[in-house]
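S.K.:
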Amino acid sequence: MTDTNSMRWRLTGYVLFCVIILVFPYILNNDYLLNKYARYLIFGVLSAALSFSWGYTGILNLGQAVSFGLGSYAMAMALKLRTIPIQTGAGGLPDFMVWNNVKALPWFWEPFHSYTFAVFAGLGIPMLLAFVLGWFMFRGRITGVFVAIITLAMLVVINLVIVDQQKYTGGFNGITDLSTFKAFGVGFDAYSLSTYYLVAGTLCVVLLGGLAITRTKLGLILQAIRDDENRVRYFGYDVASYQNFAFTLSAGVAGFAGMLYTLVMEFASPTFLSVQLSLSIVIWCAVGGRGSLLGAALGAILVTGVQGNLSESPTFLDTWMLIMGAIFIIVVLFLPNGLISLAEKGVRLLKHKSARETATHPVAGAAIATFDSKRVRES
Amino acid sequence: MAMLEMRDVEVSFSGFRAIAGLNLSVNQGELRCLVGPNGAGKTTALDVICGKTRLARGHVRYRDREIGNSEEFRIARLGVGRKFQVPSVFKELTVRENLRVGLCKPHGVFSNLVGRKSGESAERLEALACLVGLADELDHPASWLSHGQTQWLEIALLLAQNADLILMDEPTAGMTGAETHKTAELFNQLKGKHTLMVVEHDMGFVREIGDVISVMHQGRMLAEGAISEIERNPEVKRAYLGSGRISDA
Amino acid sequence: MSDILNQVFTGLSLASILLLVSLGLAIIYGTMGVINLAHGEFVMLGAYTVWFLQKNFGLDLLPCLVVSFFAVAAAGWLIERLIVRHLYKRPLDTILATWGVSVILQQGIRLTAGAELRYVKMPGWLSNAVPVLGVEVSAYRIFIFVLTLLLLAATYLLFARTRYGFSLRAVTQNQEVSRCFGINAARVYSLTFAYGAGLAGVAGALIAPLKSVSPDMGTGAVIDAFMVVVMGGVASLMGTVASAAIIGQVSGLLAFVYNDTVAKALVFFGVVILIRFMPEGIFSVRVRRG
Amino acid sequence: MNSTRRNFLKASAALGAACSVGFPDIWIKNASLAHAAGGEVKVGILYSLTGTTAIIEKSLNQACLMAIEEINAAGGINGMQIKPVVEDPASDPATFAEKARKLVLGDKCVSLFGSYTSASRKAVLPVVEKYHNLYWYPTLYEGRECSQNVIYTGAVPNQQQQDFVPWLVKNFGKKFYLIGSNYIYPKEENNVCKILLKRLGGEVVGEEYVPLGHSEFSSVIQKIKDTQPNVIFSTVVGDSVVALHRQYKAAGLDPAKMPMASLTTSEEEIAAMGGEFAEGHFTSAPYFMSYDSPENQKFVAAFKKKYGPDKVTNFVSEPAYFQVYLFKQAVEKLGGKDITPPEIRKASWDQEFKAPQGVVKIDPKNSHTYLWPKIGEAQRNGQFKIIEQSKESIEPKPYWAYPGQVCTPEGLKQA
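In order, the protein sequences belong to chains A, B, C and D. The first sequence begins at 0 in numbering that gives the first Met the number 0 and counts up one residue at a time. The second sequence begins at 0 in numbering that gives the first Met the number 0 and counts up one residue at a time. The third sequence begins at 0 in numbering that gives the first Met the number 0 and counts up one residue at a time. The fourth sequence begins at 0 in numbering that gives the first Met the number 0 and counts up one residue at a time.
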């Protein structure tokens, strides 16, 4: 809106990406690859969700995996209740409950007989949790590093509780032996085209929807909060509500991604709420570009893709972790706005040829921007 | 009736009393300058009004409403705007986007999600940019601006906010002589429509704009009056003894 | 009576180990505002240093402690120079970069020293229990407790009584101004980072004989240590000490009454709620912020 | 990255052709065909080389590769070489599933060898079940699983406990304190232990679970001191084992009066804690490094020769080793037939092999393995002294504690 030209470039990029992932199955219709890329695209959704709260609003949520994991469990619970009877105990009790001497299905499992409830729970529970935690943090004016530590602590606690409450959660093994999700007469088998499209469609909606939100005034205010929270407050905006909106929305998207992940992986596990995964999300987002939803999504796909391929090559079997670690450090040091900033620099160079006076997008090339501002100030 | 009343206000930081029994009242449409030596509690006084700092005792009344210890955004919604000593704008947003954030009605989360921008606000926004001389910079990120320009942008933000009471903390710091003069002109235009409270060290500037000057010292009000009265006041002279004449402060 | 005494000793022992691990973290965070996610790996490096020295030179634990300190401090110094130094203006990014460092250190150790658990010898004269006030207490735990106190005292003296300590406090207060007084802020930061890393190294060396040595031994320790630092606040060493003592005693008690899982969960919750209401930690000082 | 690019090139090359054909289908979709082309048998190796469980899984990877090397050096299987495809699932269940998919669908392996934790096996199960592959799982585990796509060569609870618990009661007393890491395996083992104790008139004076990777046992030890059990029955795993033993001794407890009886303490953990801390405690397992048999001497010598003189073998790496031989015999039995995973499974039933621990045999009823449980007392030198040994190999009963359920070749049945 401020600069229709740069907006057009961005929109082109987003749409192009969506088209690519949607036509992908026509190029490579292969069970294994569909499943593999569906998994990567889910990470893309997760990473884009983090970019919304971190890159746009400045809330570094190190516990993003909480929402992801809870969403995943909600879906797994619904699917577990639909497994063929022999794998469950008497009266349709999930097998792990039988082994833990649970006699009747616990009350909070009951509603998961309904898919509708499960889907709402997968979205709603992470959002509710985020909302409560967010209310607690943002009303208390907790920012920056402390948000990071509190969300991380939350993650550790919830993970501990899930592993501990084996009777109800399947403990360390998670919830396994699931049936296939069916909705509107379509089966969503892990390797199927339908699942791939569900995932790819979600990513498109998240990216384009997210882009639309960031272009509203709300989106502007969120970015303003990231730049200078106090300044925004003195304009009469209730900063905490805005932060909580971003935090909760991001949690909801992550929860949805978690549900999809259960479909693609065919189980739910406490490792979906691990510190490891949660920090990985942050890394994807940073590598791709935290200030761009598309950048963050691409970062996730790229990093997990490179990671998968590096670890599959016999040469790097032992050293792939070293290489990944080094890449993270290099990106953080030299490309604070991620790989997408390279692309945006390229676009800007192109534009500069035609129109010198054209402006840049705010978050776009902050690297250049800060550099320039330094020069301006010194002169 | 005064627009802003401060009565027996006390603020302390870990035992140190930054403001000790401050009384101050400002009328609608007035331009009040707040001066005083370093550590007199000027900035803290502004902080108390806009809700940044909690007061230990006393009352702050704005348009007959108690606003002491209210949340900042609630005070701001009543029509109080604040400019900081260190210019604070949104560095990664463009000037235009900065101003859009400044045009702050409505305040709610969801109305800003669905609300559409109106042509009227776009015009107003460009007019504001012209007023502060940033028309050419509208689509540049705020981080490209020079220090003086950043000051101007923040002032423009306050104008966009359309606050009734504007609190300014050293608005001319870092400005050239010409820029300072331009600021003074602007303030004189605002006078009457808005109520301004300006903390300032630059006495030249104060002379250009000030009707009534309040002098603070050690957390309380030392003197109040026109500039000529203040400059003759012996108590003020004594308070400034450490730093020479008042104009050097 | 002996039950209570037992409980107090357990708590003290937990607290001293917590303090040992979090001291370096607290110093680095307090001075530079850097969240060092590689801190656990510094602890791990300390333990591996001892393993290496014992295996190749048959050294006793005590001399190993000294070597661990300097070895890990050197590693910390290098990491500060190469990476952390460039990120002081972007504190959140230090979280990412130091996580990258921790990944590299872990896998590096796995490749060079092997993936299996490693053996570090406990000095024979400390491997049994001794009676204290009628209660059997592990001699090695007493040893750790005493050494923690000594390290704490040394750290206090270093900060309060030396020229380096003075420079450090000056830099923490205001970097620009202290630079004008001829203090080399960059150097002070490097040294502090190295010192914090060195403390982590000693911590690793000290806990190695009580626990086990493996490439990922630091991961768990570092989150507990964060809780200590967050609760203690950045204002003073005393905050860290008090918070380690409280967390140690409380989690010891909860673990006894319920179990370790519950203890961990409740302590985390407690700390989170506490920083909601005391964001500066329990030893907070109210100051005017610019 | 490389292969992505290759895929992409292939893809774009195929694109033109695909347009005319309509829906492109350029990859072979039927995974059960063409498994053993070109005179080699492809198998997947799925043990973590990084992450938390790499501590133990690395040795499983090594034992497995050593067996493959030996078989290949001796002429392979009916003249075909075994070709291992090694992957690193990084101790993460999701990565296990991803790599299993790659091995089954991408590399078209006829069998996979892998997993240490149950969680990772559970993650691989849906993959091997859907694509009818075969997963060879070497670890002792909690049982109560009856997959038609897994061959289980580790011990299940009845094999480890049915001699062990009565022996402990007889020699030390009836008061047990149960301590384990907080996950499925210890809880199930303790279930079984409680059933056995009830039959023997024993008593559980405490039951405690610590988080995985926990290394601070002072509170637990204080509770143990308070309850004064005769036996501490331990199913703590990994580095927690080391911490528990060291802190036990440091707290002044004496193994002669109150020994730890473990199902999970192996030579590997003892090497890490030091023999003086393990001395006098007991472990029940089908295999100990010190077991005296010609097969074991050969196995230990070969392992040390290949991976270093300070390496130890243990009750998980031994099955990881011998199960490759069982696989080889099964494929051999197929002779000229198609080498497909379901055929291998059927051929593996009743296969016997002279393993380091004794002659092991795959039970056709449930695809678990007959094993030779032994009771070992840890020595100062880091080895176990074998005190008791079963007279015959013991039948695996994965549903021992659940009399209502029976595992059959067609899957789980309610009795």
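Virtual Cβ for every residue (Gly too), placed ideally from N, Cα, C.
What is the residue span of the beta strand (DSSP E) that residue 168 of chain B lies within?
M.R.: Counting along the chain, the beta strand (DSSP E) containing residue 168 of chain B begins and ends at 164-168.
S.K.: Does residue 316 of chain A come within less than 8 Å of chain C when only Cβ atoms are used?
M.R.: No, residue 316 of chain A does not count as interfacial toward chain C.
S.K.: Suppose you measure from the CA of residue 8 of chain C to the CA of residue 245 of chain D; what does that come to, to the nearest Å?
M.R.: So the two alpha carbons sit approximately 18 Å from each other.
S.K.: Tell me which residues share the same chain as residue 388 of chain D and place their Cβ nearer than 6 Å to its Cβ, disregarding the 5 neighbours each side in the sequence.
M.R.: The residues are 373.
S.K.: Using the beta-carbon count (16 or more within 10 Å), is residue 336 of chain D buried or exposed?
M.R.: Under this definition residue 336 of chain D is an exposed residue.
S.K.: Tell me which residue opens and which closes the alpha helix (DSSP H) that residue 87 of chain B is part of.
M.R.: From DSSP, residue 87 of chain B is part of no alpha helix (DSSP H); its letter is neither H nor E.
S.K.: Does any residue of chain D bring its CB to less than 8 Å from the CB of residue 260 of chain C?
M.R.: Yes, residue 260 of chain C counts as interfacial toward chain D.
S.K.: What do you reckon, are the CB atoms on residue 37 of chain A and residue 267 of chain A nearer than 8 Å?
M.R.: No. Outside cutoff.
S.K.: Using a Cβ-Cβ distance cut-off of 8 Å, determine whether residue 104 of chain D contacts chain A.
M.R.: So yes, residue 104 of chain D belongs to the interface.
S.K.: Could you name the residues that DSSP lists as bridge partners for residue 45 of chain D?
M.R.: Answer is D:86, D:113, bridged to residue 45 of chain D.
S.K.: Note down the Cα distance separating residue 5 of chain A from residue 137 of chain B, rounded to an integer number of angstroms.
M.R.: The alpha-carbon atoms of residue 5 of chain A and residue 137 of chain B are separated by roughly 15 Å.
S.K.: Mind listing which residues of the stretch 233-245 of chain A have their C-beta closer than 8 Å to chain B's C-betas, in chain order?
M.R.: Residues 233, 234, 235, 236, 237, 238, 240, 241, 244.
S.K.: Please classify residue 308 of chain D as buried or exposed, where buried requires at least 16 neighbouring CB atoms within 10 angstroms.
M.R.: By the neighbour-count rule (16 or more Cβ atoms within 10 Å), residue 308 of chain D is not buried but exposed.
S.K.: So, for residue 116 of chain A: in the same chain, excluding its five sequence neighbours on each side, which residues have a beta-carbon less than 7 Å away from its beta-carbon?
M.R.: If we look at residue 116 of chain A and ignore the five residues flanking it on each side, its Cβ neighbours are 110.
S.K.: Pick helix, strand or coil for residue 1 of chain C, following the three-state DSSP scheme.
M.R.: Three-state DSSP puts residue 1 of chain C in a helix.
S.K.: So with Cβ pairs under 8 Å, would you call residue 9 of chain A a contact of chain B?
M.R.: By this cut-off, residue 9 of chain A is not an interface position.
S.K.: In terms of alpha-carbon separation, which member of B:55, B:35, B:30, B:31 lies closest to residue 13 of chain B?
M.R.: Of B:55, B:35, B:30, B:31, the residue nearest in Cα terms is B:55.
S.K.: Have a look at residue 315 of chain A and residue 82 of chain D and give me their C-alpha separation to the nearest angstrom.
M.R.: C-alpha separation (whole angstroms): 19 Å.
S.K.: Is there a Cβ of chain D sitting closer than 8 Å to that of residue 170 of chain A, yes or no?
M.R.: Chain D, which has a Cβ nearer than 8 Å to the Cβ of residue 170 of chain A, makes this yes.
S.K.: Per the contact definition of three or more C-beta pairs closer than 8 Å, is the stretch 124-134 of chain D in contact with the stretch 154-163 of chain D?
M.R.: With a cut-off of 8 Å, the stretch 124-134 of chain D and the stretch 154-163 of chain D do not count as touching, because too few Cβ pairs lie within range.
S.K.: Contact criterion: CB-CB distance below 8 Å. Does residue 223 of chain A meet it with respect to chain B?
M.R.: Yes - at least one Cβ of chain B is within 8 Å of the one on residue 223 of chain A.
S.K.: Can you tell me the Cβ-Cβ gap for residue 155 of chain D and residue 180 of chain D, rounded? I've got them flagged as a contact below 8 Å.
M.R.: Actually they are not in contact, since the Cβ atoms of residue 155 of chain D and residue 180 of chain D sit about 18 Å apart, beyond 8 Å.
S.K.: Check for me: the alpha helix (DSSP H) holding residue 138 of chain A runs from which residue to which?
M.R.: 114-138 is the span of the alpha helix (DSSP H), which, as asked, contains residue 138 of chain A.
S.K.: List the residues of chain A that residue 215 of chain C touches, going by C-beta distances under 9 Å, in chain order.
M.R.: Those do not exist, as residue 215 of chain C stays about 10 Å from chain A at its closest Cβ, beyond 9 Å.
S.K.: Measuring straight from C-alpha to C-alpha, what distance separates residue 299 of chain D and residue 284 of chain D?
M.R.: Their backbone Cα atoms lie some 17 Å apart in a straight line.
S.K.: Assuming residue 136 of chain A and residue 144 of chain A are in contact, meaning their beta carbons sit under 8 Å apart, how far apart are those beta carbons, in whole angstroms?
M.R.: Actually they do not touch by this definition, with Cβ atoms about 12 Å apart.
S.K.: Quick one: is residue 62 of chain C buried, meaning 16 or more other Cβ sit within 10 Å of its Cβ, or exposed?
M.R.: When all chains shown are included, residue 62 of chain C counts as exposed.
S.K.: Using a Cβ-Cβ cut-off of 7 Å (strictly less than) and excluding sequence neighbours within five positions of residue 194 of chain C, which residues of its own chain qualify?
M.R.: Excluding positions up to five away in sequence, the list reads 26, 72.
S.K.: Over the uninterrupted beta strand (DSSP E) stretch that includes residue 413 of chain D, give me the two end residues.
M.R.: Here the beta strand (DSSP E) through residue 413 of chain D covers 410-413.
S.K.: Buried or exposed: residue 30 of chain D, going by 16 or more other Cβ atoms within 10 Å of its Cβ?
M.R.: Low confidence applies to residue 30 of chain D: its pLDDT is 39, below 50, so where it sits in the model is not reliable enough to give any reading.
S.K.: Taking 8 Å as the CB-CB cut-off, is residue 227 of chain A touching chain B?
M.R.: So yes, residue 227 of chain A belongs to the interface.
S.K.: Pick from C:56, C:126, C:65, C:103: whose alpha carbon is nearest that of residue 456 of chain D?
M.R.: The structure shown does not extend to residue 456 of chain D, since chain D is modelled only from 0 through 414, so no value can be given for it.
S.K.: Taking residue 181 of chain D as the query, report the chain A residues whose CB atoms sit under 9 Å from its CB, ordered along the chain.
M.R.: The contacting residues are 159, 162, 163, 165, 170, 171.
S.K.: Compare the C-beta of residue 9 of chain C with all C-beta atoms of chain D and state if any pair is closer than 8 Å.
M.R.: Yes, contact with chain D.
S.K.: Could you tell me the distance, in whole angstroms, from the CA atom of residue 2 of chain B to the CA atom of residue 50 of chain B?
M.R.: Taking the straight line joining both Cα atoms gives about 17 Å.
S.K.: Are the beta-carbon atoms belonging to residue 255 of chain A and residue 121 of chain A less than 8 Å from one another?
M.R.: In contact: residue 255 of chain A and residue 121 of chain A (Cβ atoms closer than 8 Å).
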